[in-house]
Amino acid sequence: MPDYDVIVIGAGCGGITAGALLAGQGRKVLVLEQADRVGGCCSTYEREGYRFDVGATILELIAPIETAFQMLGTTFRDEVDLEPCDPVYNVIFEDGSRLTYPSSIEAKAEIISRISPEDGKSWMEYARYFHGFLDTVMSGFYVSPANNMTDMTRMLLKAPRLLAYSPLFVQNFEDVIRKFFKNEKVQQSIYYPGFFCGLPPALAPGMFGFLSYSEHEGVWYPRGGMIKIAEALQRCGERFGLEVRTGQRVEKVMVRGRRAEGVALADGTEVTAPVIISNINAKTLYLEKIGEEHLPWLARVGVKSYRLSATAPMINVGLDYRPPLDAHHTVLTTPMEKLNDYWFGKMEKGLLPESQFGLACFPTFSDPSMAPKGHHVLNIILAGPYHLDQMDWDRDRQAYGERQLEMLSESLIPGLADHVQVMDVATPREYERRLLMPEGAFLGLDMDLTASTVFRPAARSRSIKGLYLAGGSTHPGGGVPTVISSGIIAANLVDRYE
4 MPDYDVIVIG AGCGGITAGA LLAGQGRKVL VLEQADRVGG CCSTYEREGY RFDVGATILE
64 LIAPIETAFQ MLGTTFRDEV DLEPCDPVYN VIFEDGSRLT YPSSIEAKAE IISRISPEDG
124 KSWMEYARYF HGFLDTVMSG FYVSPANNMT DMTRMLLKAP RLLAYSPLFV QNFEDVIRKF
184 FKNEKVQQSI YYPGFFCGLP PALAPGMFGF LSYSEHEGVW YPRGGMIKIA EALQRCGERF
244 GLEVRTGQRV EKVMVRGRRA EGVALADGTE VTAPVIISNI NAKTLYLEKI GEEHLPWLAR
304 VGVKSYRLSA TAPMINVGLD YRPPLDAHHT VLTTPMEKLN DYWFGKMEKG LLPESQFGLA
364 CFPTFSDPSM APKGHHVLNI ILAGPYHLDQ MDWDRDRQAY GERQLEMLSE SLIPGLADHV
424 QVMDVATPRE YERRLLMPEG AFLGLDMDLT ASTVFRPAAR SRSIKGLYLA GGSTHPGGGV
484 PTVISSGIIA ANLVDRYE
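Count the sequence shown with the working numbering and you get residues 4 to 501, in order.
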């Protein structure tokens, strides 16, 4: 007799969603998490009174999240206190000039028109176009499985209008931006969500252009930190008997005759179940937790061919002053040509960028409770490869953080380095150790067109019976709403086949 009906490996948002939904179906479900808290890359920790988010920094596209909570018999807003973020973001250019974009589409058009009247009109066209695209994909794309071409056909039948947007699937993000906008500063300010794709403008799929619009349909921050989302999902699942154990690392998935039968923990304990849902990186799952010996040769080749997503060092600082920033998110931008040059010319050679670009996240702008009274928190996400040529992340972590803060103080955020009370530098190696993300790959696998939908690892394993996948490695990819979508997909597939 198995110990549980379902075991979930990893309490990130995808795993905790799947576990909660299956508990809601009346199944006996155990979620095992190696860290001391739930959430994975959507979590929060405290140090000396400052609360820092890990990975994810805001919420948008919340329809899949609302769906998950509705399936659990409640609402997202009843379970999590959401603070709207307006302005949606601030932009600081390399020359120190700034723009602040409000949530209103029309108000943003007015701001853009001051720089380029032509681009102001184009922004309204861009918004209309991607409103239609977003409405289409939300109706069938995000919560539908993409295991094979049959699934893709069903997806298109659910959302036939998707065919009208087929050019987005053959263009890159840079093509889309240049098609609509001519002014370089406008291009830089609107391209920025491409940073979340973990790809340069020349490689990011054109369909990700919707990210530059979707923020204007709403951006929110959960009061108390990003972990509140996973905690709410856990709380809802526990109402149905869900069991969550933290500090429990899974060493192996037990397989017999190409069927998953349970897991072996780091302490040697074995726990059995006929269904296993993995919320960890698919390469780690198949090559380490399962082992190549259990995979057909074609599956071995396929798994090894997957490219890990990019990584990004994150500097978390607690400050005794209010930094001169005007939004929850501030984009530290640079021309698209420079982003492409860095990716192809330096990042792949293990070099850090010469100029700074990335994202400064200002949680206390939206939620003062994230720091002691009168103090503030910043999370600074920058570009940097896992493999360094002239540095070592472990040895040089502190020096790297101090140098980056000094550079930001000199050019973009005056006074920053002089007011730091606490600094934590989360390097790609830290992500790998603490969150078990190989090479710090925060989106799981690459997000280009060759690794989308049916080209990602299937949510229902083709190689191991009883094994299902959730999280950033599978469809629809990395990001809070998308991994929650993957949890919904995994739970629905288990309901259908098990």
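For glycine and all other residues, C-beta sits at the position ideal for the given N, C-alpha and C.
Predicted model, so just to flag it, every value in this text is computed and none were measured.
- The shortest C-alpha to C-alpha distance from phenylalanine 72 to any of Leu166, Gly201, Ala233 is the one to Ala233.
- Among the bridge pairs identified by DSSP, alanine 429 is matched with Met317.
- For glutamine 424, the three-state secondary structure derived from DSSP is strand.
- Classified as exposed, tyrosine 500 has fewer than 16 neighbouring CB atoms from the shown chains inside 10 Å of its CB.
- In this structure, glycine 260 and glutamate 273 do not form a Cβ contact; the two beta carbons are roughly 17 Å apart against a cut-off of 8 Å.
- In the three-state scheme derived from DSSP, where H, G and I count as helix and E and B as strand, glycine 197 is classed as helix.
- DSSP places isoleucine 383 in the uninterrupted beta strand (DSSP E) bounded by 379-385.
- The shortest C-alpha to C-alpha distance from arginine 181 to any of Pro204, Leu448, Met74 is the one to Pro204.
- The segment 85-104 and the segment 318-330 touch, with three or more beta-carbon pairs separated by less than 8 Å.
- A straight-line Cα-Cα distance of about 13 Å links phenylalanine 79 and threonine 20.
- Note that the segment 375-391 touches the segment 47-66; at least 3 beta-carbon pairs, one per stretch, sit closer than 8 Å.
- Counting every other CB atom within 10 Å of its CB across the protein chains shown gives leucine 64 a total of 16 or more, marking it as buried.
- In the displayed model, histidine 332 falls within a strand according to three-state DSSP.
- Three or more Cβ pairs closer than 8 Å define a contact, and the segment 408-416 falls short of that threshold against the segment 388-395.
- Rounded to whole angstroms, glycine 42 and asparagine 343 show a C-alpha spacing of 32 Å.
- The secondary-structure analysis by DSSP pairs aspartate 56 across a beta bridge with Thr47.
- A straight line joining the alpha-carbon of serine 119 with that of valine 320 spans about 36 Å.
- Annotation: the segment 240-281 contains no complete segment of the alpha helix (DSSP H) (minimum length 4 residues).
- By a beta-carbon distance limit of 8 Å, aspartate 81 does not contact alanine 276. Their separation comes to about 31 Å.
- Taken through DSSP and simplified to helix, strand or coil, cysteine 364 comes out as strand.
- Pairing threonine 337 with glutamine 190 gives a Cβ-Cβ distance that is not under 8 Å.
- Taking all protein chains shown into account, arginine 406 has fewer than 16 neighbouring C-beta atoms within 10 Å of its C-beta and is therefore exposed.
- Residue pairing by DSSP places proline 208 opposite Asn175 in a beta bridge.
- Comparing C-alpha distances from glutamate 51 to each of Met373, Cys16, Ile115 shows the shortest one belongs to Met373.
- Exclusion of the five residues before and after glutamate 69 leaves Phe79 as the residues of its chain whose Cβ lies within less than 6 Å of its Cβ.
- By the neighbour-count criterion, in which a residue is buried when 16 or more other Cβ atoms sit within 10 angstroms of its Cβ, arginine 436 is exposed.
- When Cβ pairs closer than 8 Å are counted between the two stretches, the segment 310-320 is seen to touch the segment 417-429, the count reaching three or more.
- By the Cβ test, the segment 119-132 is not in contact with the segment 233-244, since fewer than three Cβ pairs between them sit closer than 8 Å.
- By the Cβ-count criterion, valine 32 is buried, with 16 or more other Cβ atoms from all chains shown falling within 10 Å of its own Cβ.
- In this structure, the beta-carbon distance from phenylalanine 184 to serine 125 falls below 8 Å.
- The straight-line gap separating the alpha-carbon atoms of asparagine 186 and isoleucine 193 is approximately 11 Å.
- If you draw a 10 Å sphere on the C-beta of glutamine 393, you find fewer than 16 other C-beta atoms in it, and that means exposed.
- When DSSP assignments are scanned along the segment 91-147, the uninterrupted stretches of alpha helix (DSSP H) that are 4 or more residues long and fall wholly within it turn out to be 108-118, 120-141.
- The distance from the Cβ of threonine 139 to that of arginine 157 is about 15 Å, inconsistent with a contact at the 8 Å cut-off.
- Exclusion of the five residues before and after aspartate 178 leaves Gly209 as the residues of its chain whose Cβ lies within less than 7 Å of its Cβ.
- Beyond the five residues adjoining it in sequence on each side, arginine 303 comes within less than 6 Å, by CB distance, of Glu295 in the same chain, given in chain order.
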